[in-house]
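Let me begin by presenting the structure, written as structure tokens, before commenting on it.
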Amino acid sequence: MAQSPVGNNAYIPFNDELMDEQRQEIYEAFSLFDMNNDGLLDYHELKVAMRALGFDLPKARILEIIDEYDVDGRRLIKYEDFYRVVGEMILKRDPLDEIKRAFKLFDDDGTGKITLKNLRRVAKELGENLSEVEMSAMIEEFDLDGDGEINEQEFIAMCTDS
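Each residue of the sequence shown is one higher than the one before, starting from 1 at the first, in the UniProt record's numbering.
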């Protein structure tokens, strides 16, 4: 089992490689799902925290993580170890996979296109008060084939500036 540092000044690997926003997301996920505020996550808390960060891992993998970092047999993982595991996973993410995952969040009806209706829904969910004209202009700007919708390739091009 890996020994993890103890205390407030614990060394956390990948700290310099993660962006501030990523560090904050990891902290918030841990804090939010540490239901009993004991500074530890059990299996269920870990699974939900990982899912909130975009990692939908099978039960066997979650248990492997817990077993790797569990030091006292209680099957719990502390923040420093959670940070280490999630930080490593974030750094290994394929940016193209992340873009495709984001596309699917817009394309909730599974048409393979982002329509004005899809964009309207996402804007509402995010609390953005965009006019129909603004949303239409967004689609028009990135609609390379002129069909009035954004397909996955157009979305990828928009996100990668290619």
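Quick reminder that beta carbons are idealized off the backbone N, C-alpha and C, glycines included.
Query: Between the beta-carbon of Leu53 and the beta-carbon of Ile26, is there less than 8 Å?; Result: yes
Query: Could you check how far apart the C-beta atoms of Ile99 and Leu119 are, in whole angstroms? I think they sit under 8 Å.; Result: So it is not a contact: roughly 16 Å between Cβ atoms.
Query: Given this structure, state the Cα-to-Cα distance separating Gly87 from Asp97, to the nearest angstrom.; Result: 17 Å
Query: Kindly indicate which three-state DSSP category Phe142 falls into: helix, strand or coil?; Result: helix
Query: Quick check on Leu40 - is its C-beta less than 8 Å from some C-beta in chain B?; Result: Considering every chain present, this structure includes no chain B. It has just one protein chain.
Query: When you compare each of Arg101, Glu132, Lys124, Glu125 to Ile156 by their alpha carbons, which one comes out closest?; Result: Arg101
Query: By DSSP's criteria, Leu40 is part of a beta bridge. Which residues make up the other side?; Result: Lys78
Query: DSSP beta-bridge partners for Lys117?; Result: Answer is none; Lys117 lacks a bridge partner.
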